[in-house]
Every structure is written in C-alpha cells, then in structure tokens.
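*Asks:*
In our numbering, the protein residues as written are 45 to 573.
#1: Does the separation of the CB atoms of residue 263 and residue 286 fall below 7 Å?
#2: Can you tell me whether DSSP reads residue 307 as helix, strand or coil?
#3: Would you check if the distance between the CB atom of residue 4 and the CB atom of residue 433 is smaller than 7 Å?
#4: Hey, residue 111 and residue 195: beta-carbon distance below 7 Å or not?
#5: Determine the DSSP secondary structure at residue 519, reduced to helix, strand or coil.
#6: So, helix, strand or coil for residue 411, using DSSP?
#7: Assign residue 45 to one of three DSSP states: helix, strand, or coil.
#8: So, at 7 Å on beta carbons, what are the nonlocal neighbours of residue 468 in its own chain, with the 5 sequence-adjacent residues on each side left out?
#9: If contacts are defined as beta-carbon pairs under 8 Å, then residue 381 and residue 358 qualify, I think. What distance do you get, rounded to the angstrom?
#10: Have a look at residue 411 and residue 436 and give me their C-alpha separation to the nearest angstrom.
#11: If you draw a straight line from the C-alpha of residue 387 to the C-alpha of residue 349, how long is it?
#12: Am I right that residue 183 and residue 174 are in contact with their C-beta atoms under 8 Å? What's the rounded C-beta distance?
#13: What's the call for residue 149, buried or exposed, on a 16-neighbour Cβ count within 10 Å?
#14: Given a threshold of 16 other Cβ atoms within 10 Å of its Cβ, counted over all protein chains shown, does residue 569 qualify as buried or as exposed?
#15: May I ask you to list the residues that DSSP assigns as paired with residue 499?
#16: Using DSSP bridges, identify the partner residues of residue 504.
#17: Could you please give me the residues that DSSP links to residue 364 through a beta bridge?
#18: CB residue 316 to CB residue 519, shorter than 7 Å?
#19: Determine whether the beta carbon atoms of residue 578 and residue 91 lie at a separation below 7 Å.
#20: DSSP on residue 335, reduced to helix/strand/coil?
#21: Relative to the alpha-carbon of residue 375, which residue among 354, 352, 383 and 403 has its alpha-carbon at the smallest distance?
#22: I'd like the span of the beta strand (DSSP E) that includes residue 531, first residue to last.
#23: Just tell me which of 55, 129 and 550 has its CA closest to the CA of residue 78.
#24: Where does residue 433 fall in DSSP's three states?
#25: Evaluate the contact criterion for the stretch 542-554 versus the stretch 214-225: three or more CB pairs, one atom per stretch, below 8 Å.
#26: What are the boundary residues of the alpha helix (DSSP H) that includes residue 284?
#27: Given residue 169, which residues of its chain have a CB within under 8 Å of its CB, disregarding the five upstream and five downstream residues?
#28: On the criterion of 16 or more Cβ atoms from any shown chain inside 10 Å, does residue 543 qualify as buried, or is it exposed?
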C-alpha cells in the first residue's frame, strides 16, 4: 500500500503536486507550539521526499532548470509551513488597523513567501545530491541544515520555527540541544522525520530504520539521564514576575499611561501568598514603563515608594539619548535596573531589532514610499552596539534579552563573566490569543537549556515563567492572566561542552551528513556506470 501511495505521489504533476506540497508543509506546522504534535512530521517529510523523487525535468535541460522542479516543491512546502505557522503575525498590524491594515496580506502571505525561498534552496541542494534509498534522506537533511543556517542570519535573520524545534517539545527532549545545538538538531530531525520514506521500497530499509531508532533512542535516553541526574540548588534570589496583560491598543495611549503604570506598581507591592517573604527582584515586561525614566523623577519616586529596602526592579522601558539641539534623540528598547531608592543602577539596550517593527531597513528609500515601523518613534529604535551582562545586586549578573532576541541561539555570547540567569522581557500582546506567544516561549525555553542558565521571562500578557536550566517551568502565568508569579531562582549549571566545542556542533553534524550523502551519491553513480 505504501509503495502504491509513493508511486502515485511521485507521478503527480501540475497543480496536484503544488497542492500536496503546500498541504504537507502546512501539516508540518502542527508540530509546533501550541499543538506540539510532532508525529505529523513523520508524514509530511516522507511525502516531501516522494515529491522530490518525482521532481525531474528533461535530462538535456541546463543545471538550473533541472533543479527548478525540486525547488518549486520545496518552496510550496515552505509556503504552507510558514503560512500556517506564522499567520498570527498579521494580528500585530490590526492593533493600529487604520495605518497598517493594508500590510496584513504582506505579513500573512508575503513573509512566508520570502521564507519559503530557503526551503526551495533546501530542496534544490537535496536534488543536486539525490540518490536512491538512504542517500536521498541524508541529502534532504543537508539541504535543510544549510537552509536553516542561512535563515538564522541572512537579512538580519529570522530562525523562528526552525525544524529542529519540532523534535524538542518537552524538557525531556530538549536536553540534546546542549550536545548538538539547534542548527545541528535541524539536520538530525529531518533525518528521522524523513526516514519513513524508505518504507516505499526495500533499499536501505533496515539500515535507515535502524539509524532512525538509534537517533531517537539517543535523544530520549540522554534527556532522561540528564534530568535524572540533574542537581539544581534553589539558592538564588526570590524573584517576582509581574504580568499586567495590558491591551496593546492602550500601550501608547497617553490617557492610559498613568493607569498602566499604577497597575504595575500595585502588582509589584502585592503581598506574597502563604506568608512567603517579599521578592528580592521584581521583573516587569518589555516597555512596561510608559515614561522616559531619566526625565521623570516623579516616576522613579513612585517606584521607590513601592520597593522595600534592598529590592531591585528590572523594568522594560524606552531609553532616550539626547544628541543636542535641533537633532532628534535616539531611542532604545531597554531593560532598566532600579533600586529601592529610585536610582537607576544599570541599563541594557536591545541589540537585535525587529525589521519593520522597530526600525525600517533601507530607511532612506522606504520612508519616501510611506513605509514606517509599527512602533513609531522619530527615526525608530536604535540598536545597541554589543550585548553585555547587567549587574543586578551582590554580584548577581543577568543576560538581558528583549523580546525576540531570545530566538537567536548564536547571539547569546558576550565578553565578560558568565551570567547567573537570563532575563527575557517581551510584549506578545501584539499577537493576541494565537500560537505566536506559545512559539515565542518555547524558543526562549530552549535558550535556558542551551546556556545552562535559569530564565526569568516577563511577558505583558504571557507567557511569563521562571524556567530552570533544564527547561522545566518552576512557576508561571497563563496567557492573558493578570497577576504575579513568585519563585526562588535556581542556580546555573555547568555545560557538558566548552564554548569552542559548541561552535563545532553544527559543522561536525552537517559534515557527517554530507559525507554520507556523497557516499551514497557516489555508490549510485558507480552502479549506474
């Protein structure tokens, strides 16, 4: 039956081939949060293999034309994956519908169309190295590995919903990331997901299924072993996360500024439950303070009134940097550290800004065409020149990440001593009750595991949580809940690999997959010859 099904798929052409590729990409998106049904990838990727099996052109055609049918299959697969996985981005443009509703189709269809180019490249690379049996599985994994690597930095990078996340839906399955990293996990995940394609024939079936079972056993076994031997000391500070769930259309409303600020203050001063001590560190979400702090001494005074002696507030706010008369100031999306005397004792600015959200790429050209950033400030936000840790109290250092900076595993490094915790502040109210906040949280959760650091994540409307260095949620707040979450921050843990070895994770795994691909490719050419 599987042989007949594969044969039928291989022979598809025209709109039927396009439609099936799109549907299989869309099906694969259900492996992502909040659904986490990763088993769908064991259907979508084998079908993708069979579609590429049949994606051939005239043997006399040029090299580009010979790869075009496979590239189109990959593009439609990617288009389906990103349309169904990222449709919620359009919700952000409806917050200010009067100015940005026209761009909703670009967000829902245009961005997926661009991102799908990477998967078109993946399929083209795979087809270039295609061979029978297990060789084509390795070829597809190499293609996706390269495509996801490129997606992590090309045009500032947008590695959201990388394929590897589908293989890491729970802490048990997240632990392998400290050994291989996300980029290598993309390669290994495709190998396993695509392996059922071998069921359509007998070539390399036992070898392929044996390899897939070995990878799955290693993935699950290492996770079980690491969690069973995990030792986390709850010796860190007592932390309070404030989640006010402010509606996005009120965030920049001048008339609502004071009530928004007062709500944060009230939650900060809320008495702990069950007689627990007051928190030592309070964390507010991204852009929680609707004032420019250094120019607002009365605001700092109000904060000081709500903080007990020794308490520290970490608050997301806009930081303004004056440049003199007649010149617009620079604005930064920042995290401030404020002590109980109302003094600003530190600040860290966002390094990786959101294109079109916080700044306009190719500004001189696009602004003339009427294009502006969604969060409109004079000139948009400016980016910090480099990432650095932020000292909070008593030698306690945090790695500050603002909003979607948490989706870039390669950007966690900085000069200086290793931090004690990650603090990720964000405002996902832009996206409403959609898969977006769940996907964002999962990616931040993986950064805690990869870095071996506990994470404090404060989101305006959720998902807010304290996460231990193994990705396990200690305490948190559901989407759109209003309240606080108090928990003792666990200590950081040692990582099994050093920084130099971690930089080799992806090249080694990709190199091994490429060697296997070339071996099978050479075997087939020798057999045919």
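Beta carbons: idealized from backbone N, C-alpha and C, even for Gly.
*Replies:* So, to answer that:
#1: As a first step, residue 263 is located in the chain shown; it is residue number 219 there, counting from the start. As a first step, residue 286 is located in the chain shown; it is residue number 242 there, counting from the start. Not in contact: residue 263 and residue 286 (Cβ atoms no closer than 7 Å).
#2: Locating residue 307 in the chain shown gives position 263, where the first residue counts as 1. Look at residue 307 here: in three-state DSSP terms it is helix.
#3: Outside the displayed span of the chain (45 to 573) sits residue 4, for which this structure offers no information.
#4: Locating residue 111 in the chain shown gives position 67, where the first residue counts as 1. Locating residue 195 in the chain shown gives position 151, where the first residue counts as 1. No, Cβ-Cβ distance for residue 111 and residue 195 is not below 7 Å.
#5: Mapped onto the chain shown, residue 519 falls at position 475. In the structure shown, residue 519 sits in a strand (DSSP, three-state: E or B).
#6: Within the chain shown, numbered from 1, the residue matching residue 411 stands at position 367. Because the pLDDT at residue 411 is just 49, under 50, the model does not fix this residue reliably, and the value given afterwards should be weighed accordingly. Note: residue 411 maps to helix in three-state DSSP.
#7: As a working note, residue 45 is residue 1 in the chain shown. Of the three classes helix, strand and coil, the one that applies to residue 45 here is coil, per DSSP.
#8: As a working mapping, residue 468 is identified with position 424 in the chain shown. Non-local C-beta neighbours of residue 468 in its own chain, meaning closer than 7 Å and more than five positions away in sequence, comprise 445, 450, 488, 499 and 501, ordered along the chain.
#9: Taking the chain shown and counting its residues from 1, the one referred to as residue 381 is at position 337. Taking the chain shown and counting its residues from 1, the one referred to as residue 358 is at position 314. Confirmed, about 6 Å.
#10: Locating residue 411 in the chain shown gives position 367, where the first residue counts as 1. Locating residue 436 in the chain shown gives position 392, where the first residue counts as 1. Low per-residue confidence applies at residue 411: pLDDT is 49, beneath 50, and the placement is therefore not dependable, though the value from the model is reported in the following sentence. So the two alpha carbons sit approximately 39 Å from each other.
#11: Locating residue 387 in the chain shown gives position 343, where the first residue counts as 1. Locating residue 349 in the chain shown gives position 305, where the first residue counts as 1. Straight-line measurement puts the Cα of residue 349 at about 12 Å from the Cα of residue 387.
#12: As a first step, residue 183 must be located in the chain shown, where it is residue number 139. As a first step, residue 174 must be located in the chain shown, where it is residue number 130. Indeed, because the Cβ distance is near 6 Å, the residues count as touching under 8 Å.
#13: Here residue 149 corresponds to residue number 105 of the chain shown, with the count starting at 1. Exposed, since its Cβ has fewer than 16 Cβ neighbours within 10 Å.
#14: Here the question's residue 569 lines up with position 525 in the chain shown. Residue burial is scored here from C-beta neighbours: residue 569 has fewer than 16 other C-beta atoms within 10 angstroms and is therefore classed as exposed.
#15: To locate residue 499, count along the chain shown from 1; it is residue 455. According to DSSP, residue 499 bridges with 466 and 511.
#16: Here residue 504 refers to the residue found at position 460 when the chain shown is read from its first residue. In DSSP, residue 504 forms no bridge with anything.
#17: The sequence position of residue 364 within the chain shown is 320, counting from 1. In DSSP, residue 364 forms a bridge with 375.
#18: Within the chain shown, residue 316 is the residue found at index 272, counting from 1. Within the chain shown, residue 519 is the residue found at index 475, counting from 1. Cβ atoms of residue 316 and residue 519: not closer than 7 Å.
#19: There is simply no residue 578 to check, as the chain begins at 45 and stops at 573 in what is shown.
#20: Position 291 of the chain shown, counted from the start, is the residue given in the question as residue 335. When secondary structure is reduced to three states using DSSP, residue 335 falls in the coil class, being assigned neither helix nor strand.
#21: Within the chain shown, numbered from 1, the residue matching residue 375 stands at position 331. Minimum Cα distance to residue 375 is reached at 403.
#22: For the purposes of this step, residue 531 is taken as the residue at position 487 of the chain shown. Counting along the chain, the beta strand (DSSP E) containing residue 531 begins and ends at 527-532.
#23: Translated into positions along the chain shown, residue 78 becomes position 34. The option with the nearest alpha carbon to residue 78 is 129.
#24: What you label residue 433 is simply residue 389 of the chain shown in a count that begins at 1. Three-state result, residue 433: coil.
#25: Taking 8 Å as the limit for Cβ pairs, the verdict is that the stretch 214-225 does touch the stretch 542-554.
#26: Counting from one through the chain shown, the residue named residue 284 turns up at place 240. DSSP places residue 284 outside any alpha helix (DSSP H); the residue lies instead in the beta strand (DSSP E), whose first and last residues are 282-287.
#27: Locating residue 169 in the chain shown gives position 125, counting from the first residue. In its chain, beyond the 5 residues on either side, 183, 186, 187, 190 and 191 have a beta carbon closer than 8 Å to the beta carbon of residue 169.
#28: Mapped onto the chain shown, residue 543 falls at position 499. Exposed.
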